[in-house]
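Some notes on the structure that comes next.
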Amino acid sequence: MYKLKIVVLLALGFLLAWHPFPLRGQMALGQYEEEAPVCTWNIFGPSGAAGLSLGDTMFTLAADASALFTNPALMTRLPSLAVSLGGSLQSADFFRYGPVNTGPLSTVGNAGLSTAAADLAAVSVRVLGWSVGLGLALSEIYDRPEAVARSASPYYLLSFSQSGYLRTLNLSLGREIIDGLSLGLGLNLVSGRWEWNLTDAWSGVTIIDSRTRSLSGYFFNGGLCWQASAGLSLAAVFRAPYQRKAASRSSLHYSAQSADILIQGSGEDTFYQPLVLGLGLACKFFDQFQFTGEMTYWNWSSYRASLLGEDVARDFRDTWKAGLGLECLSWLRLFKQYFDLPSRIGLVYDPQPMSSPRSSYINFSLGVGLYWKGIHLDLGTILGAENGSGRHLTAQRLALTLTVFSGPRPAKG
Amino acid sequence: MSIKLSRKHLFFRGSRREGWVLSRKKIFQRFLAASVLFLSLFGLGLNPQEQETWQVISLDLKQVSKPQLASWGLDFLMEKEGRLYVVSSPQDRIRLAGANLAYHPEPAFSGRPVAVPSSAAGGINGDYHSADELKTDLRSLEAGHPGLAKVYDIGRSLEGRALYALKVSGNVGAAEPEAQVLFLGGHHAREWISVEVPFFLGKYLLDNYLADSRVRHIVDHSEVWIVPLVNPDGLEYSIHVYRYWRKNRRDNGDGSFGVDLNRNYDYQWGYDNLGSSPEPDSAVYRGRSPFSEPEAAAVRDLFRGNNFQALISYHSFSQTIYYPWGYSRRPVENAERMKALAAGMSQRIQEVAGKVYRYGQSSLVSYLTNGETTDWAFGLNGIPAYTIELEPGSEQAGGFFNAETEILSIFNDNLPAALYLIEDCISRYRPPGWGEGPSGKERPSAAGDPGIRSTEKRGG
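Top to bottom, those sequences are chains E and D. Quick note: the first sequence uses my numbering, first residue 53, plus one each step. Quick note: the second sequence uses my numbering, first residue 40, plus one each step.
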């Protein structure tokens, strides 16, 4: 029976991990460049609801199988089998993007975007002392609120839409090399799409500007975690710099009574993603409390974007992102069953890389878990307020993660 | 080995270092190079002095027979796709026209550019230049023609992009007493073709310096200054975000963006609210003050450092040659030469391929404009100044769009007009002190003829 359970869970995990088209979803705070992910540039890796509610800390505590995206060494702290599935609801404000509030299109106040998604599927298995992980997650979203301006007389239409996503397929390996010290390494394959459509039409004239990108690339991530004492864990992680490439096509079409002009381009876009380094700690105190703190360094000054072979200006600076979280453990007896009830709060400081305007987000997070035997259900939310752009952008994300564990948790997990 | 040789390549550079013992391969390479050089200089059996008047043309073989042309003494080059390519003298072309035989000039055989530089090709904007591609190609022209071309950084745009001026002149590093003519492009972001025409003018002058005596005379006796892109920030926005963007990228602070650089010059700036607008969200917003925009100020500063005898500012679209005034419907006075030159340019454009460019006083032929480049150049500096609105003629024919395949044909249409203006300036130019007798009474008055200016102020 036990073996059958493992087989079923593994099959379910792999099936979900190979799901080819994850739904859209990610937290959104509002950014400006066309390749900017919704919300924040500082997306280290997808994380589950537990990490989100603990101040977006994600590489020191082993809460679920999403750890393989952030610190594969944490897989050694999970039970021998862990399968996690996640979904989220999010909404975010935007102000300047594409032609919106940069010239031809203006909005009254900020524009909003809301999405829902099943955005995480990950499985971690320990075999012969090795932890192996496989996961697929929606890591970045490039959607923008659609903007349309029109008038009937004189006839005029200007509409803009942008959409896109990046998903990450991760294969990780982790092992405890000495007592309390684990290492992990992951290979990540990214792929995705990006689309841009702008239509400008008036009496007899229509201009359609269409662009697409097929994104691809790969990078390594890795880390270590060290159980320094019964109550103290330390972690260090990295994400290697890499080139995110895109097969890109553009089409600029002018049609009028006596003209049908088409300017097409195709080539390769390249986005040089920066090195990311992180340090974290987690400590337990009074048995039922746990504190986490993490800092990540983003080498954004090395970021470069090249569109169809031509460099485009991106004036970025290095950033440090910091997150703090506190977890309180309690329990509940319901239907003659005992449930663990961890509750969490957190705070995140998330500066954005643009040199001008300097912009940062302060996020407050909150969450709760409901754990019964090997089934963990975590709910987390994060509320963000931006400062620096003058637009007071806000963002919210509500995430739900279901994790099924099987097998014993390591003694020092 | 390129056929585009600079003057220093005319000598046997490097032979001493390599010694006199040459391999067969090197002998062949040098023979080939010498042959190419010979052909470029004495192509088609013509000497350089004569080549400018000879032209390769093509005729439709359905309309003409080879024996007939042979009887006229025309040199056949080749037969291709139903057309016969011949070398023609001016007399030949007159005879052909008299016989009602249509012919096409073949610029590919006449020294004109036949392909856009590869660096400009590709990208969202196709064969048009982006700001970065233009920088690359201007630097390439400078590097490929030492002594003839020099690129000056004349200022910075609001977003920090360099504004470049290409100076084309014999002995380009020296300030010589020569006629100076300025060609501007890209004031308005969406008018991509207005960047290409002045760029190709510079390229044409440089690439044909050795082979074409007319070009050589122009380059040796004038300073041709070309600022192909006055508004790089706007162009980049037009390429990457909104194709029909016109102004620069000034954040006006009220949610609107951009100042119309061609309403930001200080002559009659803000004369009324018809020729420009005080409203920041207007397409013809003139800015908070004259020369508030660094891009327009860079053109002003270039003017201050030189003494231009004429100016053309390329725009699109409408196929029209405008001259001042734009700010008022008052007919311009004391500008007979300026009017005559406009007519001459229009005529030369039409002679190329039959394209008709109207011409006239801007405010009378078109609409009112104030704070505009040519009003400023004529009003304050007294020089003939033109806005040439390039093709097409109407919005329904393409508006601010031109197909990539039209870039060179539009340039070719406009080339003779540009050369004509430069040559006119050369012919009228008198260096400082010219004609000064012992009493100084013979010195001409610059005020009486805007084409005659001193050259005391120099520099980029």
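Virtual Cβ for every residue (Gly too), placed ideally from N, Cα, C. Just so you know, these numbers come straight off a predicted model, no measurement behind them.
Q: Tell me the start and end of each unbroken alpha helix (DSSP H) in the stretch 239 to 278 of chain D that is at least 4 residues and wholly inside, in chain order.
A: Here the runs fully enclosed are 252 to 259.
Q. If you measure beta-carbon to beta-carbon, which residues of the stretch 424 to 447 of chain D are closer than 8 Å to chain E?
A. Per Cβ criterion, the list reads P431, S433, E434, Q435, A436, G437, G438, F440, N441, A442, E443.
(Q) Using a Cβ distance threshold of 8 Å, determine whether the stretch 416 to 429 of chain D contacts the stretch 341 to 357 of chain D, with at least three qualifying pairs required. (A) Short answer: they touch.
Q: Measuring only between beta-carbons, confirm whether Q276(D) sits less than 9 Å from chain E.
A: For clarity, residue 276(D) is Tyr in the given sequence; the question names Gln instead. Output row for Y276(D): interface = yes.
Q.
So that I know if they touch, is there some Cβ in chain D lying closer than 9 Å to that of S318(E)?
A. For S318(E), the closest Cβ of chain D is nearer than 9 Å.
Q.
By the three-class DSSP mapping on this structure, what secondary structure does I427(D) have?
A. In the structure shown, I427(D) falls within a strand segment according to DSSP collapsed to helix, strand and coil.
**Q.** chain D contact for E87(E) (CB, 9 Å cutoff)
**A.** Using a CB distance cut-off of 9 Å, E87(E) does not count as an interface residue toward chain D.
(Q) Could you tell me the alpha carbon to alpha carbon distance between L445(E) and G194(D), rounded to whole angstroms? (A) In this structure, the straight-line span from the alpha carbon of L445(E) to that of G194(D) is close to 36 Å.
Q.
Does the stretch 324 to 339 of chain D come into contact with the stretch 248 to 261 of chain D, if we say contact requires no fewer than three beta-carbon pairs (one atom in each stretch) closer than 8 Å?
A. Three or more Cβ pairs closer than 8 Å define a contact, and the stretch 324 to 339 of chain D falls short of that threshold against the stretch 248 to 261 of chain D.
Q) On the three-state DSSP scale, how would you describe P156(E)? A) Correct three-state label for P156(E): coil.
Q. Excluding sequence positions up to five away, which residues of its chain have a Cβ less than 6 Å from the Cβ of V60(D)?
A. Below a pLDDT of 50, predicted positions are generally treated as unreliable, and V60(D), at 36, falls in that range; the measurement from the model is reported next regardless. Take V60(D), set aside five residues on each side of it, and no residue of its chain has a beta-carbon closer than 6 Å to its own.
Q. What are the boundary residues of the beta strand (DSSP E) that C277(E) is part of?
A. Residues 257 to 281.
Q. Can you find a CB in chain E that lies within less than 9 Å of the CB of I232(D)?
A. Not a single CB atom of chain E sits nearer than 9 Å to the CB of I232(D).
Q) According to DSSP, is W231(D) helix, strand or coil? A) Secondary structure of W231(D) (DSSP, three-state): coil.
Q: Please classify I133(D): is it buried, with 16 or more other beta-carbons within 10 angstroms of its beta-carbon, or exposed?
A: Classification for I133(D): exposed.
Q: Would you kindly work out how many angstroms separate the C-alpha atoms of W415(D) and P317(D), rounded to a whole number?
A: Between W415(D) and P317(D), the C-alpha separation is close to 19 Å.
Q: With a 10 Å radius around its C-beta and 16 neighbouring C-beta atoms as the bar for buried, classify M110(E) as buried or exposed.
A: Its Cβ being crowded by 16 or more others within 10 Å, M110(E) is buried.
Q | Any 3 or more C-beta pairs closer than 8 Å across the stretch 195 to 215 of chain D and the stretch 169 to 180 of chain D | A | Three or more pairs of CB atoms, one per stretch, sit closer than 8 Å, so the stretch 195 to 215 of chain D contacts the stretch 169 to 180 of chain D.
Q | Cβ shell of V323(D) (< 7 Å), same chain only, five flanking positions each side left out | A | Cβ neighbours of V323(D) beyond the five flanking positions: D299, R302, S315, S316.
Q: Identify the contact partners of Y306(E) in chain D, using a Cβ-Cβ distance below 8 Å as the criterion.
A: Within chain D, the residues near Y306(E) are G437, G438, F440.
Q) Going along chain D in order, which residues have a C-beta closer than 7 Å to the C-beta of S407(E)? A) Taking a Cβ-Cβ threshold of 7 Å, none of the residues of chain D is close to S407(E); the smallest such distance is about 11 Å.
Q.
So the candidates are A334(E), S353(E), L218(E); which of them puts its Cα closest to the Cα of L126(E)?
A. When only C-alpha atoms are compared, the closest one is A334(E).
Q.
Let me check one thing: in DSSP terms, what residues is T220(E) bridge-paired to?
A. Per DSSP, A189(E), V242(E).
Q. Taking DSSP as the reference, what is the three-state secondary structure of P409(E)?
A. In the structure shown, P409(E) falls within a coil segment according to DSSP collapsed to helix, strand and coil.
Q) Which class does A253(E) belong to by DSSP, given the choice of helix, strand or coil? A) Strand, per DSSP.
Q. With Q295(E) and Y324(E) assumed to form a contact (beta carbons below 8 Å), what rounded beta-carbon distance in angstroms separates them?
A. Right, their Cβ atoms sit about 6 Å apart.
Q: For D305(D), go through chain E and note every residue whose CB falls closer than 9 Å to its CB, in chain order.
A: The contacting residues do not exist; D305(D) stays about 26 Å from chain E at best.
**Q.** Under 9 Å between C-beta atoms of G216(E) and A170(E)
**A.** No, they are not a contact pair.
Q) Should D261(E) be flagged as near chain D, meaning a C-beta pair shorter than 9 Å? A) At a cut-off of 9 Å between beta-carbon atoms, D261(E) makes contact with chain D.
**Q.** Neighbouring residues, chain E, relative to R195(D) (Cβ below 7 Å)
**A.** Within chain E, no residue comes near R195(D); the closest Cβ sits about 13 Å away, beyond 7 Å.
Q. Is the Cβ-Cβ distance between P329(D) and Y310(D) less than 9 Å?
A. Here P329(D) is not near Y310(D), since their CB atoms are 9 Å or more apart.
Q: With a 10 Å radius around its C-beta and 16 neighbouring C-beta atoms as the bar for buried, classify F440(D) as buried or exposed.
A: Buried: at least 16 other Cβ atoms inside 10 Å.
Q) Hey, how far is the Cα of I232(D) from the Cα of I388(D)? A) I232(D) and I388(D): Cα-Cα distance of roughly 16 Å.
Q | Contact list for P151(E) against chain D, beta-carbon separation under 7 Å | A | By Cβ distance, chain D contributes V280, Y281.
Q. Alpha carbon to alpha carbon, what distance is there between G365(D) and Y406(D)?
A. Each residue's CA atom was taken as its position, placing Y406(D) and G365(D) some 7 Å apart.
Q: Closer than 8 Å by C-beta to V404(D): which residues in its own chain qualify, once you throw out the five before and the five after it? Chain order, please.
A: Excluding sequence positions up to five before and after V404(D), its CB lies within less than 8 Å of the CB of T359, Y361, R397, Y398, all in the same chain and listed in chain order.
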